[in-house]
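Working notes, beginning with the structure itself.
Numbering (the numbering used here), first residue to last: 17 to 322.
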């Protein structure tokens, strides 16, 4: 839901809970994270409709004042939906702004964007005022093309074509119909029930690197680094490849699932406990996808060093 937040099937983002996926990931996550993506938009106060005009007593025929009111309110809702699909927000305190303020307050000037999709997360951070360095990593060929184009005009934004996991090598990437749910894991029935567009449509063999290798290769400084991971159920394997960096990295952002949406994934309690063992505590979070029954299925959570 990382601000990958997190696009339409990440219906995300979010009027309360998105019906389906998280950002900063967005309708750009499928330019579609349809369901508005994980990640990343319906924060802030909802649009409050104006007071409907009173009906004329005893009148028949068309009430033009009421008709104008209805058209205006529908237009406002349409604009709001369009902004959400584009990963934008009318709220006063959107997720990206909270993340940026946290980074500024803690002197964090570098972001390793693991699972970048088409660059929604980094773009929203830039929009929120973050001017530091970004290294985005994405294995999906179609998303990578858009990501590369998006970063082309930004000298402090680098892009690498790879998946990230426990060890270097190669792996099978399951490309989802909505793009942003693509994963090295396999979607479960629970995920497909909330977001049918997460179904696998094709597979790719992709190179795999590790966080430890990326930090070394790009000269990143752990004490000034945010490690953002939005890998659709593969978060545990990404953390396995950090070496000893979890003891020194300044902050970590994870997409935490409360229900198994991808086969074999670690859930929120396990990942939270793991980061706590390395001195990292939850700082702020953004609700992502919810089930039809209102249950929170996932959220983006920012952890900082105690």
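Where is the CB? At the ideal position from N, CA and C, for every residue including glycine.
Beta-carbon proximity list for residue i, same chain, < 8 Å, skipping 5 on both sides
{"i": "residue 364", "result": "Because the chain is modelled from 17 through 322, residue 364 falls outside the range shown and cannot be assessed."}
{"i": "residue 298", "result": "288, 317, 318, 319"}
{"i": "residue 189", "result": "155, 156, 179, 198, 199, 200, 219, 220, 221, 222"}
{"i": "residue 204", "result": "276, 277, 278, 279"}
{"i": "residue 143", "result": "112"}
{"i": "residue 231", "result": "128, 238, 241, 261"}
Endpoints, beta strand (DSSP E) assigned at residue i
{"i": "residue 298", "result": "296-303"}
{"i": "residue 216", "result": "216-225"}
{"i": "residue 269", "result": "267-273"}
{"i": "residue 186", "result": "185-192"}
{"i": "residue 316", "result": "314-321"}
{"i": "residue 208", "result": "From DSSP, residue 208 is part of no beta strand (DSSP E) but of the alpha helix (DSSP H) over 205-210."}
{"i": "residue 197", "result": "Element bounds for residue 197: n/a, residue is neither H nor E."}
Rounded separation between residue i and residue j - CA only
{"i": "residue 173", "j": "residue 79", "result": "55 Å"}
{"i": "residue 266", "j": "residue 303", "result": "23 Å"}
{"i": "residue 73", "j": "residue 90", "result": "Annotation note: pLDDT 49 at residue 73 (below 50); position unreliable, coordinate value reported separately. Going by the C-alpha atoms only, they are around 25 Å apart."}
{"i": "residue 200", "j": "residue 147", "result": "31 Å"}
{"i": "residue 272", "j": "residue 129", "result": "16 Å"}
{"i": "residue 296", "j": "residue 321", "result": "4 Å"}
{"i": "residue 310", "j": "residue 168", "result": "40 Å"}
{"i": "residue 210", "j": "residue 114", "result": "28 Å"}
{"i": "residue 286", "j": "residue 292", "result": "10 Å"}
{"i": "residue 229", "j": "residue 245", "result": "15 Å"}
{"i": "residue 301", "j": "residue 315", "result": "7 Å"}
{"i": "residue 305", "j": "residue 312", "result": "6 Å"}
{"i": "residue 234", "j": "residue 264", "result": "17 Å"}
{"i": "residue 171", "j": "residue 149", "result": "9 Å"}
{"i": "residue 206", "j": "residue 213", "result": "13 Å"}
{"i": "residue 88", "j": "residue 81", "result": "11 Å"}
{"i": "residue 192", "j": "residue 83", "result": "42 Å"}
{"i": "residue 187", "j": "residue 251", "result": "15 Å"}
{"i": "residue 294", "j": "residue 136", "result": "28 Å"}
{"i": "residue 270", "j": "residue 290", "result": "12 Å"}
{"i": "residue 123", "j": "residue 208", "result": "40 Å"}
{"i": "residue 121", "j": "residue 161", "result": "33 Å"}
Contact set for residue i: own chain, Cβ-Cβ below 6 Å, skip 5 residues either direction
{"i": "residue 202", "result": "279"}
{"i": "residue 249", "result": "199, 201, 278, 281"}
{"i": "residue 256", "result": "182"}
{"i": "residue 145", "result": "116"}
{"i": "residue 175", "result": "152, 163, 164, 167"}
{"i": "residue 308", "result": "none"}
{"i": "residue 259", "result": "228"}
{"i": "residue 283", "result": "273"}
{"i": "residue 238", "result": "261, 264, 265"}
{"i": "residue 32", "result": "Because the pLDDT at residue 32 is just 40, under 50, the model does not fix this residue reliably, and the value given afterwards should be weighed accordingly. Result list for residue 32: empty, nothing under 6 Å."}
For residue j and residue i, believed in contact at Cβ under 8 Å, the rounded distance
{"i": "residue 224", "j": "residue 185", "result": "5 Å"}
{"i": "residue 236", "j": "residue 151", "result": "7 Å"}
{"i": "residue 242", "j": "residue 227", "result": "12 Å between Cβ atoms; not a contact."}
{"i": "residue 240", "j": "residue 138", "result": "Not confirmed; about 17 Å, so no contact."}
{"i": "residue 127", "j": "residue 140", "result": "Not quite, the Cβ-Cβ distance comes to about 11 Å (not below 8 Å), so this is no contact."}
Beta-carbon contacts of residue i that lie in its chain and below 7 Å, excluding the five residues immediately before and after
{"i": "residue 159", "result": "133, 134, 195"}
{"i": "residue 254", "result": "130, 180, 181, 227, 245, 247"}
{"i": "residue 119", "result": "146, 242"}
Endpoints, alpha helix (DSSP H) assigned at residue i
{"i": "residue 129", "result": "No alpha helix (DSSP H) contains residue 129, which is instead part of the beta strand (DSSP E) from 126-130."}
{"i": "residue 290", "result": "284-292"}
{"i": "residue 160", "result": "157-167"}
{"i": "residue 134", "result": "Segment: none, residue 134 is in no alpha helix (DSSP H) and carries neither H nor E."}
{"i": "residue 256", "result": "251-256"}
{"i": "residue 240", "result": "Counting along the chain, residue 240 falls outside any alpha helix (DSSP H), and DSSP gives it neither H nor E."}
Cβ-heavy atom distance, residue i to the ligand MG, below 7 Å
{"i": "residue 294", "result": "Looking at this structure, you won't find the ligand MG or any other ligand, since it has none at all."}
Beta carbon proximity, residue i to chain C, threshold 8 Å
{"i": "residue 237", "result": "No chain C is part of this structure, which consists of one protein chain only."}
Discussion item. Within 8 Å, do at least three Cβ pairs link the region 107-127 to the region 207-224?
Written reply: no
Worksheet item: Would the region 273-291 and the region 164-179 be scored as touching if the rule is three or more Cβ pairs under 8 Å?
Response: no
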